Amino acid sequence: MDHSDMSIKTVRITVGILSLALFGQTAFWLLYDIADRGVAGAWSVWASGSGTGLSATSSLDLGLGFLQLAAGWATLIKARTAGGLLLASCATTLLFRLPAVWYVLLDSPSDPWFGDAKGPSLGAVGGTAIGAVATALVLTALLFLVRHLENEASSPYILRGAGPRPVKVTATTSGVLLGVLNIFYIGRNVNTAFQVGPNALAHLLAGKGAVRSELGVASAWQWASLTVLCGLGMLFAFRRRPVAKGFSLGLALFMVPPDVAEVSDYVTTGVLFKVSVDTAQTFLELLGSAAVIALLAAEAAHNRRDRRPEDPPGAPAPAPLVGPIPADARLTNMADSG
1122 MDHSDMSIKT
1132 VRITVGILSL
1142 ALFGQTAFWL
1152 LYDIADRGVA
1162 GAWSVWASGS
1172 GTGLSATSSL
1182 DLGLGFLQLA
1192 AGWATLIKAR
1202 TAGGLLLASC
1212 ATTLLFRLPA
1222 VWYVLLDSPS
1232 DPWFGDAKGP
1242 SLGAVGGTAI
1252 GAVATALVLT
1262 ALLFLVRHLE
1272 NEASSPYILR
1282 GAGPRPVKVT
1292 ATTSGVLLGV
1302 LNIFYIGRNV
1312 NTAFQVGPNA
1322 LAHLLAGKGA
1332 VRSELGVASA
1342 WQWASLTVLC
1352 GLGMLFAFRR
1362 RPVAKGFSLG
1372 LALFMVPPDV
1382 AEVSDYVTTG
1392 VLFKVSVDTA
1402 QTFLELLGSA
1412 AVIALLAAEA
1422 AHNRRDRRPE
1432 DPPGAPAPAP
1442 LVGPIPADAR
1452 LTNMADSG
């Protein structure tokens, strides 16, 4: 094994460990809420936002933890979707942990950010959120480093980014589903702005007085963040970037757990079949995510059937005659392919 191969392997392992460290931060506070409130009490907080005082986490942290765990594991086992999952994990972590940073920075004894509500130490929760943001930034830099190392180690005759691209039907369907969700999120924030005015919307985005958990985000911030994430997913899908499959899968993994929690609350409260904007959004996210996962699973099954009998499970496509790293064995698979 030459020096470049060792460097790539080292960075890959580092990326996987850091991604699992992000999961550790999220999992710690999820377990804190379970220890503090019991399983039933924590689930009540995640499903409906009910409960006394402040919790550390919200239902979004269920999805975030699931995404971070999947990204770290995919990296360590060298799954083809690892690059997209890592990109989704980094972007989602940044967007949904940044608010906790200004919660702790803007909190003061004379003007507590959460008012009189009591909960876990805001300094402790905010400190881990700052660490998560810093880790996500380091991970993003390492992703580009891996891409650089892999391109250097590959033959100049290999087309850049010639890794496996999503089939057209998968890419188109994923892009359309993300586009529909994006229109929905934009519409909700536009409607909110008309109802409360731009100034009040800015306060809602900041989360002042609108959040019941210390790692939670306001609905307006959630919709704005999902607009950005779905916009990126649409761009990758419609351009059929190799990273599109992992990124779309990451968004689906992020959305499913909180939506399942909300559906369970709808069943408990008897509003499952009552039409509302909230229920429409929940079912749109849940069914859309399930469709994306099903499409990607079908494509993966098709690729396995097409693999040569002598190829072991999980084996990359045959390497070209020149160049030590075939493009579809790369971690990043983020470059253009024409």
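Position one of the sequence shown corresponds to residue 1122 (this note's numbering), numbered consecutively onward.
Where is the CB? At the ideal position from N, CA and C, for every residue including glycine.
It should be emphasised that the depicted structure is a prediction, and the values quoted were computed from it without experimental measurement.
message: Which runs of the beta strand (DSSP E) at least 3 residues long sit entirely within the stretch 1135-1183? Give them in chain order.
response: none
message: Please list the terminal residues of the continuous alpha helix (DSSP H) segment that includes P1233.
response: Within the sequence shown, residue 1233 is the residue found at index 112, counting from 1. In this chain, P1233 is not harboured by any alpha helix (DSSP H), its DSSP state being neither H nor E.
field: Close Cβ partners of V1332 (< 7 Å) along its chain, the five nearest in sequence each way excluded
entry: As a position in the sequence shown, residue 1332 is number 211, starting the count at 1. Closer than 7 Å at the Cβ level, and outside the excluded window around V1332, lie V1338, A1339.
Continuous alpha helix (DSSP H) stretch holding I1198: start and end: Locating residue 1198 in the sequence shown gives position 77, counting from the first residue. Element bounds for I1198: n/a, residue is neither H nor E.
query: Looking at C-beta atoms only, is the number of pairs between the stretch 1217-1227 and the stretch 1170-1177 that lie closer than 8 Å three or more?
result: no
message: Would the stretch 1247-1259 count as touching the stretch 1340-1350 if we require 3 or more Cβ pairs under 8 Å?
response: no
field: Residue nearest to V1494 in terms of C-alpha spacing, selected from F1375, L1190, T1403
entry: With the chain running from 1122 to 1459 in the structure shown, residue 1494 is simply not present.
- prompt: I think A1296 touches A1209, with their Cβ atoms under 8 Å apart; what is that distance to the nearest whole Å?
  reply: Here residue 1296 refers to the residue found at position 175 when the sequence shown is read from its first residue. Here residue 1209 refers to the residue found at position 88 when the sequence shown is read from its first residue. The sequence shown places Gly at residue 1296, rather than the Ala named in the question. Rounded, the Cβ-Cβ distance is 15 Å, inconsistent with contact.
message: Mapping the DSSP letters down to three states, classify S1242 as helix, strand or coil.
response: Translated into the one-based positions of the sequence shown, residue 1242 becomes position 121. DSSP places S1242 in coil when its eight states are reduced to three.
query: Do three or more CB pairs link the stretch 1367-1375 to the stretch 1197-1213 at distances below 8 Å?
result: yes
message: Can you list, in chain order, the residues of its chain with a C-beta nearer than 6 Å to that of I1414? Leave out the 5 residues immediately preceding and following it.
response: Locating residue 1414 in the sequence shown gives position 293, counting from the first residue. Cβ contact annotation for I1414 (same chain, cutoff 6 Å, sequence separation greater than five): A1373, in chain order.
message: Going by the DSSP bridge assignment, what does S1334 pair with across the sheet?
response: The residue labelled residue 1334 in the question sits at position 213 within the sequence shown. S1176, per the DSSP bridge assignment.
Where L1393 falls: helix, strand or coil (DSSP): Numbered from its first residue, the sequence shown carries residue 1393 at position 272. In this structure, L1393 counts as coil in the three-state DSSP scheme.
- request: Note the first and the last residue of the continuous alpha helix (DSSP H) segment covering V1349.
  value: Within the sequence shown, residue 1349 is the residue found at index 228, counting from 1. V1349: member of the alpha helix (DSSP H) spanning 1340-1359, first to last residue.
- prompt: How would you call G1284, buried or exposed, if buried means at least 16 neighbouring beta carbons within 10 angstroms?
  reply: Sequence index remark: in the sequence shown, residue 1284 carries index 163 (1-based). For G1284, the predicted model reports a pLDDT of 44, less than 50, meaning its position is unreliable; a value from the coordinates is still stated below. By the neighbour-count rule (16 or more Cβ atoms within 10 Å), G1284 is buried.
message: Tell me the DSSP secondary structure of R1362 in three-state form.
response: Taking the first residue of the sequence shown as position 1, residue 1362 is located at position 241. Three-state DSSP puts R1362 in coil, outside helix and strand.
field: Whole runs of the alpha helix (DSSP H) within the stretch 1283-1329, excluding any shorter than 4 residues
entry: 1289-1317, 1319-1327
- prompt: Between K1239 and the rest of its own chain, which residues show a CB-CB distance below 7 Å, the 5 nearest in sequence each way excluded?
  reply: Within the sequence shown, the letter at position 118 stands for residue 1239. G1174, L1175.
- prompt: So F1144 packs on G1184, CB below 8 Å; how close in whole Å?
  reply: Numbered from its first residue, the sequence shown carries residue 1144 at position 23. Numbered from its first residue, the sequence shown carries residue 1184 at position 63. Rounded, the Cβ-Cβ distance is 12 Å, inconsistent with contact.
- prompt: When we look at the beta-carbon of I1304 and count the other beta-carbons within 10 Å, is it buried (16 or more) or exposed?
  reply: As a position in the sequence shown, residue 1304 is number 183, starting the count at 1. Classification for I1304: exposed.
Length of the line joining the Cα atoms of V1136 and L1264: The residue you call residue 1136 lines up with position 15 of the sequence shown. The residue you call residue 1264 lines up with position 143 of the sequence shown. The C-alpha of V1136 lies about 8 Å from the C-alpha of L1264.
message: Give me, in chain order, the residues of the same chain whose beta-carbon lies closer than 7 Å to that of S1410; leave out the 5 immediate sequence neighbours on both sides.
response: Stepping through the sequence shown from its first residue, residue 1410 is reached at position 289. The residues are A1373, M1376, V1377.
task: Report all residues from its chain with a CB closer than 6 Å to the CB of Q1146; omit the five preceding and five following residues, and keep chain order.
output: The count along the sequence shown starts at 1 and reaches residue 1146 at position 25. These residues qualify, in order along the chain: T1249, A1253.
task: Please state if the CB of G1354 and the CB of L1299 are separated by a distance shorter than 7 Å.
output: Here residue 1299 refers to the residue found at position 178 when the sequence shown is read from its first residue. Here residue 1354 refers to the residue found at position 233 when the sequence shown is read from its first residue. Yes. Within cutoff.
Proximal residues to R1309 (C-beta, below 6 Å), its chain only, five neighbours per side dropped: What you label residue 1309 is simply residue 188 of the sequence shown in a count that begins at 1. Correct list, in chain order: W1344.
query: Taking the Cβ atom as the reference point for each residue, do A1203 and T1214 lie within a distance shorter than 7 Å?
result: As a working mapping, residue 1203 is identified with position 82 in the sequence shown. As a working mapping, residue 1214 is identified with position 93 in the sequence shown. Not in contact: A1203 and T1214 (Cβ atoms no closer than 7 Å).
message: If distances are taken between C-alpha atoms only, which option among L1151, L1405, W1342, W1194 comes closest to I1134?
response: In the sequence shown, residue 1134 corresponds to position 13, counting from 1. The shortest C-alpha separation from I1134 is found at W1194.
- prompt: Would you say T1403 touches the ligand SAH, meaning its beta carbon is less than 6 Å from a heavy atom?
  reply: Because no ligand of any kind appears in the structure shown, any question about the ligand SAH cannot be addressed here.
message: Let's test the definition: count the other Cβ atoms within 10 Å of the Cβ of T1178 and tell me whether it reaches 16, buried, or not, exposed.
response: Position 57 of the sequence shown holds residue 1178. Classification for T1178: buried.
- prompt: Is D1386 helix, strand or coil by DSSP?
  reply: What you label residue 1386 is simply residue 265 of the sequence shown in a count that begins at 1. Per DSSP, reduced to three states, the secondary structure at D1386 is helical.
query: Any idea if G1328 is buried or exposed, counting beta-carbon neighbours within 10 angstroms, 16 or more meaning buried?
result: In the sequence shown, counting from the first residue as 1, residue 1328 sits at position 207. G1328 comes out buried.
task: Within the same chain, show all residues whose beta-carbon is closer than 6 Å to that of M1122, passing over the 5 residues directly before and after it, in chain order.
output: Position 1 of the sequence shown, counted from the start, is the residue given in the question as residue 1122. Here M1122 scores only 47 on pLDDT, less than 50, and its place in the model is too uncertain to base an answer on.
Same chain, Cβ closer than 7 Å to A1142, neighbours up to 5 away in sequence not counted: Walking along the sequence shown from the start, residue 1142 turns up at place 21. So the qualifying residues of the chain are T1256.
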